[in-house]
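Top to bottom, those sequences are chains A and B.
Heads up: the first sequence is residues 7 to 303, going by the working numbering.
Heads up: the second sequence is residues 3 to 380, going by the working numbering.
Yeah, the Cβ is synthetic: ideal placement off N, Cα and C, and Gly gets one too.
In this text the structure is predicted, and so the values were computed from the model without any measurement.
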Amino acid sequence: MSGSFSVLLQLALDGVCLAGIYALLGSSWAVVFNTTRVFHVAHGVTFAVGAYTVLLVVARARLPLPVALLLALVVGALLGLAFHLLLYEQLRRRGSEGMVTFVASLGAMGLCSALLLALFGANPLIPSIGFDSVIKIGPGRLSAAQLLSGAVGAGLTLVLLGCWRLTWPGRAFRAVTSNSEAAAAVGIKVGRYRLFAMALGGALAGVAGGLASLIQGASLDMVLNGVLVAATAVLVGGIGSLPGAAVGGVLVALAMNLGIWRVSSRWQYSIVFGLLLVFMLIRPRGLLGERLAQAEL
Amino acid sequence: MRLGFEKAIVTALAGVLVAAGCGGTTSSSGSTPSTVKLGALFSLTGAAAIAGKSMQQGAQLAADTWNQKNSPKLDLQFQDDQSDPKAGLNGFTQLIDSSQVSAVVGPSPSTVAVALKPLANQRKVVLMAPFVSTPVFATPDGYTFRTHLSIDQLDAHTAQYATQTLHLKNVAMLLQDSSDAQAGGAAVKAAFTKSGGSDVGEEVVPVGTTEFQSQLTKLIADSPDAIYIFLVSAPAIGNAMKEARQLGFKGTFLSPNTIQSAATIRAAGAAAEGAVWTNEVAPDVNAPAYQAFLAAYKQRFGSDADIIAANAYDCVMLMGKAIAASGTNSTAISKWLRSEKSYQGVSGTISFSKDGNVVNKPTSLFTIKDGKFVTISA
């Protein structure tokens, strides 16, 4: 029966695999937002481009998946850099902030979506790329694509979190995140770290898109859906906290799957909006946002 | 006498004018211009772009073929509906207001057609859709026409085969959020209920969704014998079938004719085997007119014509005939179309009901065997 526990288990398994991808996506947006404080909605474009890149490389150029993911990483980084240098840095030099930057980002997202539409058409790209074998886990089943994308996503997220915590550049990023003026005062080149953040965030979003494409193909819908998930993950997990963004991503993935256990799946994306709304009303700092008050250098 | 001579000149001139007026074999109205603009609104981009391409090519071939021997000449004005209602409305108004077309052939997907219907009737512009299947498009004594059977006619036939011949009892449905999906779902549900089975579950997804893991998990848990997948995007149908098989579904897939594209097989692989649907077919594959159409299409575009292209071809030829017979006045055109009872098109004999729906076009059941589309003789 569709309300039974085996269904719940399957939905949980699907949610856990998706959580790997969404944790990475959320973290990628957090890297950008926490460091630059730009509400980079055009981040969804990088997510979608990563998906198209991987599928084209695997299905058309017939190169192995690791190569494809690496290319998605590079393309994502370049795209992030382009947004930074051609848009946000230009706006910053003119003294624009906040709303102006947000609107500019929306415009960039619209323009890029139109370019993607012209390049690929609005029909989704779902070529056959393998990874179809099925692994049974109790009464549940997962495809190789799900397991692979979830595992790689989770692994990369953990590596990112580790570097963020333990390496010097990670500490510098955290310094810029919590107080960019103080960071500059101790000699951290804040402008350069903003650039690194856009490149790194873009790279990770590109890979996240590539991983997602293994399950859902590549389509223009990914632009908006990608940034919706990413922003919700960060706002729910806590602005200023990278582990928070990862946890937020996991929550979004689980909510989308478990949330429709006994509810019609037409509400699947509404659940994401609902989660966001609930947190904005009850705990606007997000789950781990409190740590910001006690941030250490 | 002078008067007599002048009278003769005038009579002769009058005779020449009348002769010139009746000279064209098809033109009966002296005021029809020699070239008439005909709007062609298709999905050049968008979710239905694959079908839109077939329509564009079919229409182009028809216009060129018509213009070789007939008048008035048809000047196709293309606009892109982008498979999106807003863009479709934009394109439609541009055709009427900027290009000043006399009538429009199109659009591609049902969602756009539903959006255009009120405007077509309000502005009194004949709109003939080659391949729109939502029942909502019909207008009694109105300006909307279609040359393709509606989805409830086609998928009711599929469901009947599923219940009567395959003896399937229960069906589950994965539907996109659109009027034709709802109509198809209702028709399939009715057929299964009528034969003593039931509809065990329904999941609705936004148009454009490409991944259905959670929806299919719920549907398959109720052990349906068949899953009816109504999506307009062929690769999405393919992905849905693949995911369903991965989740352990061993039953039969039923779908609308949007499945019939190579992109489905690419996305689904072996999971697509055995899927069943109903589609229009050409009435007699050996008919010389049909063979000529296929050959001309292949020569012009290098690919094989499908039933969508054939329908678009018929739309344009039919519009040419209508305009030649009744001029550029929309009310006259729509009246003429409804009176045309047996137009021999390449997609079948076309005759319109009062609502502008086509009646009685030949259909066949199809399935996928070894990665190829084959007909089922049932």
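Cα-Cα separation between residue i and residue j, rounded to whole angstroms
i	j	result
G21(A)	V376(B)	38 Å
F11(A)	K244(B)	23 Å
G144(B)	Q124(B)	10 Å
I245(A)	A314(B)	54 Å
L78(B)	G322(B)	11 Å
S353(B)	H150(B)	11 Å
F295(B)	P120(B)	34 Å
R268(A)	L281(A)	17 Å
T136(B)	V140(A)	37 Å
Q58(B)	L294(A)	55 Å
S366(B)	S379(B)	8 Å
L339(B)	F147(B)	9 Å
N362(B)	T351(B)	8 Å
Q81(B)	L61(A)	30 Å
K142(A)	D224(B)	19 Å
K343(B)	S336(B)	13 Å
F202(A)	A122(B)	54 Å
G60(B)	G358(B)	21 Å
Q16(A)	G265(A)	13 Å
Q178(B)	K39(B)	35 Å
R100(A)	A120(A)	27 Å
R268(B)	P175(A)	45 Å
A2(A)	A224(A)	Outside the shown range of chain A, which is 7 to 303, sits residue 2(A), and nothing can be said about it.
Any C-beta of chain D under 9 Å from that of residue i
i	result
E342(B)	Checking the listed chains, one finds no chain D in this structure; the protein chains it contains are A and B.
Opposing strand residues paired with residue i [DSSP bridges]
i	result
T377(B)	F368(B)
M130(B)	V107(B), F147(B)
E204(B)	M175(B)
K142(A)	R147(A)
F44(B)	D82(B)
W279(B)	F368(B)
Y163(B)	The partner list for Y163(B) (beta bridge, DSSP) is empty, contrary to what the question assumes.
L76(B)	V38(B)
Q346(B)	T351(B)
D360(B)	Going by the sequence as given, residue 360(B) is Val instead of Asp. The partner list for V360(B) (beta bridge, DSSP) reads F354(B).
F232(B)	L177(B)
F255(B)	I229(B)
A224(A)	L131(A)
Cβ-based burial, residue i [other Cβ within 10 Å; buried from 16]
i	result
S235(B)	buried
T173(A)	exposed
R171(A)	exposed
M115(A)	buried
P109(B)	buried
D83(B)	buried
L92(A)	exposed
H49(A)	buried
K220(B)	buried
A36(A)	buried
Q184(B)	buried
S111(A)	buried
G168(A)	exposed
Q96(A)	exposed
R318(A)	There is no way to answer for residue 318(A), as the model of chain A reaches only from 7 to 303.
V47(A)	buried
S30(B)	The predicted model places S30(B) with a pLDDT of 44, which falls under 50 and marks its position as unreliable; any figure quoted below should be read in that light. S30(B) should be labelled exposed.
Quick test of the definition: if touching needs 3 or more C-beta pairs under 8 Å, does the stretch 220-235 of chain A touch the stretch 152-163 of chain A? yes
Can you list, in chain order, the residues of the stretch 107-129 of chain A whose Cβ is nearer than 8 Å to any Cβ on chain B? L123, A124, G127, A128, N129
What are the residues of the stretch 212-244 of chain A that lie near chain B, defined by any Cβ-Cβ distance shorter than 7 Å? I221, Q222, G223, S225, D227
What residues in the stretch 206-228 of chain B have a beta carbon less than 8 Å from any beta carbon of chain A? Contacts with chain A (Cβ-Cβ distance below 8 Å) from the stretch 206-228 of chain B involve V206, V207, P208, G210, T211, T212, E213, Q215, S216, Q217, T219, K220, L221, A223, D224, listed in chain order.
The stretch 257-275 of chain A / the stretch 23-40 of chain A touching (three or more Cβ pairs under 8 Å): yes
Please list, in chain order, the residues of the stretch 13-32 of chain A that have any C-beta partner in chain B closer than 7 Å. V13, Q16, L17, D20
When you check each C-beta in the stretch 162-177 of chain B against every C-beta of chain A, which residues fall closer than 8 Å? Hits within the stretch: zero.
Which residues, in order along the stretch 63-90 of chain B, keep a beta-carbon less than 9 Å from a beta-carbon of chain A? Those residues of the stretch 63-90 of chain B that come within reach of chain A (Cβ to Cβ, closer than 9 Å) are Q84, S85, D86.
Could you name the residues of the stretch 228-261 of chain B whose beta carbon sits closer than 9 Å to any beta carbon of chain A, in the order they occur along the chain? S235, A236, P237, A238, G240, N241, K244, E245, R247, Q248, L249, G250
What residues in the stretch 41-66 of chain B bring their beta carbon closer than 7 Å to a beta carbon of chain A? T47, G48, A49, A51, I52
Touch test, the stretch 360-371 of chain B against the stretch 273-286 of chain B, Cβ-Cβ under 8 Å, three pairs minimum: yes
Quick check: the stretch 40-58 of chain B against the stretch 220-236 of chain B, are at least 3 beta-carbon pairs closer than 8 Å? yes
Against chain A, which members of the stretch 268-280 of chain B pass a CB distance test of less than 7 Å? R268, A269, G271
Can at least three beta-carbon pairs, one atom from the stretch 201-213 of chain A and one from the stretch 77-84 of chain A, be found at a separation below 8 Å? yes
May I ask you to verify whether the stretch 155-162 of chain B touches the stretch 255-263 of chain B, counting CB pairs closer than 8 Å and requiring at least 3? They touch, by the three-pair rule.
Compile a chain-ordered list of the residues in the stretch 39-65 of chain A whose CB is closer than 9 Å to at least one CB of chain B. A65
Mind the definition here: the stretch 234-251 of chain A touches the stretch 192-207 of chain B only if three or more C-beta pairs lie below 8 Å; say whether that holds. no
If contact is defined by three or more beta carbon pairs under 8 Å, each pair taking one atom from either stretch, is the stretch 97-107 of chain B in contact with the stretch 324-340 of chain B? yes
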